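Have a look at the structure below, then the notes.
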Amino acid sequence: MNAEIVQKTAEYIRKEFSDDSSGHDWWHIYRVWKNAIAICEIEKANSFIVQLAALLHDLDDWKFNESGDETPHRAKAWLDACSVDSVTAESVCKIIMHISYKGAGVENKMDSLEGFIVQDADRLDAIGAIGIGRAFAYGGYKNRMMYDPDSPPQMHASFEEYKNSKSATINHFYEKLLLLKDRMNTQTAKRIAEERHQVMTKFLDQFMLEWEGADIQ
Ligand code: ADP
Ligand code: NI
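Residue numbers (the working numbering): 321 to 537.
Listed below in structure tokens is the structure:
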């Protein structure tokens, strides 16, 4: 029964996210889902909650909603339509509400092991080689400059500031992506994040070298 609901949810989400070009396409959801399952097996949490939250986590994302809020209306409606019990549905919705990164200086409100796992899986997909690809995909989608040497990165102290920022994609590495390694919740994700972090620092070193033409001489 639970396996059927998970399968049905995956099919629904695959359709919903089929034509995204912002780095939040079905394959992002798929990677988060698979990584969350793998972390869940090591960390021993409720797999049904983890899988539903992983699959539904971006359905109500503030980055793509007119209202800009993160009340997971669509996820809730879907869970009700699948007759998921109310305790599970509530846990899943709570995870979705707290999953997003909201700025360097903004506290993380996640408070369940299942939530920690899904948040880590989502954050692992924001770093490393895939993270680099997704950041530039998102920047292009938002018409952002790739890099602007005149606009240094900012450590956003509130969600409002973070949300309204229009800065260049390279800034996003300093404002979020390079900070994620130390903000992973589980030991498993902390370990995986180390290598992915290094891929980004090497990329940024090379990017700056080429920007200055320092490798030409
Ligand atoms: P979160 O909910 O923490 O924002 P998501 O799964 O929605 O996580 O995906 C966030 C991804 O969106 C980031 O990893 C990055 O690739 C992209 N992104 C968000 N904001 C920016 C930005 N200002 N510049 C570049 N990429 C961004
Ligand atoms: Ni996501």
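Glycine residues also receive a C-beta, built at the ideal position from the N, C-alpha and C atoms. Given the structure is predicted, the values throughout are model-derived calculations rather than measurements.
Relative to the ligand ADP, the beta carbon of Lys354 is positioned no closer than 8 Å to any heavy atom. Classified as exposed, Gly425 has fewer than 16 neighbouring CB atoms from the shown chains inside 10 Å of its CB. At a threshold of 8 Å, Ile349 counts as near the ligand NI, since its beta carbon sits closer than that to one of the ligand's heavy atoms. The C-alpha of Ser478 lies about 7 Å from the C-alpha of Lys422. In this structure Ser403 is exposed. Its beta-carbon is surrounded by fewer than 16 other beta-carbon atoms within 10 angstroms.
Assigned with DSSP and collapsed to three states, Met520 falls in helix. Here the C-alpha atom of Ala488 lies approximately 43 Å from the C-alpha atom of Asp405.
Under the rule that a run must span 3 or more residues, no beta strand (DSSP E) segment is found entirely inside the stretch 427–498.
These are the residues, in chain order, with a beta carbon less than 5 Å from any non-hydrogen atom of the ligand NI: Asp378 and Asp442. Between Ala373 and Glu434 a beta carbon distance of about 7 Å is seen, short of the 8 Å cut, so the two are scored as contacting. About 13 Å separates the Cβ atoms of Leu399 and Ile333, ruling out a contact at the 8 Å cut-off. Counting along the chain, the unbroken alpha helix (DSSP H) around Trp398 starts and ends at His393 to Ala401.
Scanning its chain for C-beta atoms nearer than 7 Å, with the 5 sequence neighbours on each side dropped, one finds around Ala446 the residues Arg454, Leu497 and Leu500, in chain order. Put simply, the backbone Cα of Ser411 is about 29 Å away from that of Glu495.
Secondary structure note for Tyr421: it is in no alpha helix (DSSP H), with a DSSP letter that is neither H nor E. DSSP places Val404 in no alpha helix (DSSP H); its state is neither H nor E. Following the DSSP letters along the chain, one finds Ile349 inside the alpha helix (DSSP H) bounded by residues Trp346 to Glu363.
Assignment of Leu376 by DSSP, reduced to helix, strand and coil, places it in the helix class. Note on Val438: 16 or more other CB atoms within 10 angstroms of its CB, so buried under the neighbour-count rule. Distance from the C-beta of Ser478 to the nearest heavy atom of the ligand ADP is not below 8 Å. Inter-residue distance for Lys510 and His393 is about 31 Å (C-alpha atoms, whole angstroms). A Cβ-Cβ separation of about 15 Å leaves Trp382 out of contact with Lys486 under the 8 Å criterion.
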